[in-house]
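To start, the structure under review is shown below, and the notes come after it.
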Amino acid sequence: MKSPVHRCRDVEHGRGQVGNGAGLSCLQSEQHIPIPKDVITSYSASAMWFIRDACGIVCAIITWLLVFYAEFVVLFVLLVPSKSLTYSIVNGTLFNSLAFLALASHLRAMCTDPGAVPKGNATKEYIESLQLKPGQVVYKCPKCSSIKPDRAHHCSVCKRCIRKMDHHCPWVNNCVGENNQKYFVLFTMYIALVSLHALVMVVFHFLNCFEEDWTLCSSFSPPVTVILLILLCFEGLLFLIFTSVMFGTQVHSICTDETGIEQLKKEERRWAKKTKWMNMRAVFGHPFSLLWFSPFSTPDHGKAETYQYVV
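Numbering (the UniProt record's numbering), first residue to last: 1 to 311.
Now the structure itself:
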């Protein structure tokens with residue numbers, strides 16, 4: 001059990017006095033103030049969200065360039081020179097579909113508001129509009145001057161408090177939070193699949209070329225072909241390992257309903273425990289369907305539900 005002083009960090013005591021004019025003080029941690037979602041949502045679903053961070057923008061561009069490089073090698077080294085038209089069509093369709101879904105997921109993860117809390121809303125007028133009872137408090141972020149919901153954390157890159165923030169990922173130039181975690185999970189999954197597919201095609205290409213004339217295996221010279229394939233293998237293996245680990249970590253985090261920051265800080269669990277299936281549905285939408293795997297489908301995070309502030 002945390003001490004009252006610890007539960008009151010980032011709390012503004014001098015504002016929001018209501019009722020009989022008593023000052024704000026701490027209540028027990030199990031008491032909450034239900035707040036509708038629309039009062040803590042800063043952007044509409046159709047609004048564009050983009051973080052102007054130089055490092056993140058460079059990382060995002062590198063991600064797209066690496067996918068385009070893999071596309072170039074797969075198309076002009078592995079598929080076009082192939083003697084089997086069926087092999088080229090099947091693998092070309094599969095590879096391009098996975099690459100397209102990966103880039104679409106990356107774009108949605110980068111340009112979707114992760115769950116930012118309205119900046120600077122911790123004003124006296126706004127807190128009074130919440131109609132707090134005498135003795136109740138709300139948490140305030142001292143960095144962005146916003147009312148801080150339960151399970152929200154401040155991101156120094158986005159310069160905002162993010163609901164259910166898992167971490168800030170420079171590769172998508174955005175935080176991974178409540179609203180875009182689905183797209184980030186799909187991005188890691190599709191990148192892992194497209195990397196695995198590229199590695200399998202490279203292995204088959206090497207096996208076939210050992211039995212034939214290397215000059216007939218590619219439109220490029222043998223040295224150039226080998227260099228291109230080695231670079232593709234290195235890229236595919238690196239991203240396969242990295243995204244597979246990240247995908248597994250994200251799925252575990254969703255199933256346990258505990259974000260990466262909460263696990264790192266070993267924060268006390270103060271929210272209702274749900275089943276793993278309910279946690280998955282909360283992130284990917286209701287009910288289960290193929291739309292779970294589509295980056296173009298926006299999940300319903302429960303618009304009728306209310307969010308609660310710890311007091």
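Using N, Cα and C, we set each Cβ at its ideal position, and we do this for glycine too.
Sequence-distant residues of its chain with Cβ nearer than 6 Å to residue i (five each side left out)
i	result
F284	K182, W292, P299
S218	V77, P81, T225
K276	C255
I52	Reading off the sequence shown, one finds Arg at residue 52, where the question assumed Ile. Nothing listed; no residue qualifies.
F220	none
Cut-off 7 Å between Cβ atoms - residues of its own chain near residue i, not counting five sequence neighbours on either side
i	result
S244	A192
L232	A70, V73, A198, V202
C59	P170, W171, N173
T63	H106, W171
Whether residue i touches residue j by CB criterion (8 Å)
i	j	result
H197	F95	yes
G56	G115	no
M189	I261	no
R163	P149	yes
K133	A122	no
I241	N279	no
A104	F296	yes
V185	V251	yes
V67	A109	no
Cβ separation of residue i and residue j, assumed to be a contact under 8 Å, to the nearest whole Å
i	j	result
T112	N180	4 Å
V88	L79	In the sequence on display, residue 88 carries Ser and not Val. Contact holds; Cβ gap of about 4 Å.
H205	L238	Rounded, the Cβ-Cβ distance is 19 Å, inconsistent with contact.
V157	H167	Not quite, the Cβ-Cβ distance comes to about 11 Å (not below 8 Å), so this is no contact.
Nonlocal neighbours in the same chain, by C-beta distance under 8 Å from residue i, ignoring five residues either side
i	result
V117	I40, S42, C141, C144, S146, I147, K148, P149, A152, R160, C161, I162, R163
M48	C111
P287	R281
E258	R269
Within-8 Å CB hit, residue i to chain C
i	result
F100	The chain inventory of the structure shown lacks chain C, comprising one protein chain alone.
| query | Which parts of the UniProt domain "Palmitoyltransferase DHHC" (140-266) are runs of the alpha helix (DSSP H), unbroken and 4 residues or longer, counting only runs that do not cross its ends? | reply | Those alpha helix (DSSP H) runs which fall completely within the UniProt domain "Palmitoyltransferase DHHC" (140-266) and span 4+ residues are 181-210, 222-256, 260-265.
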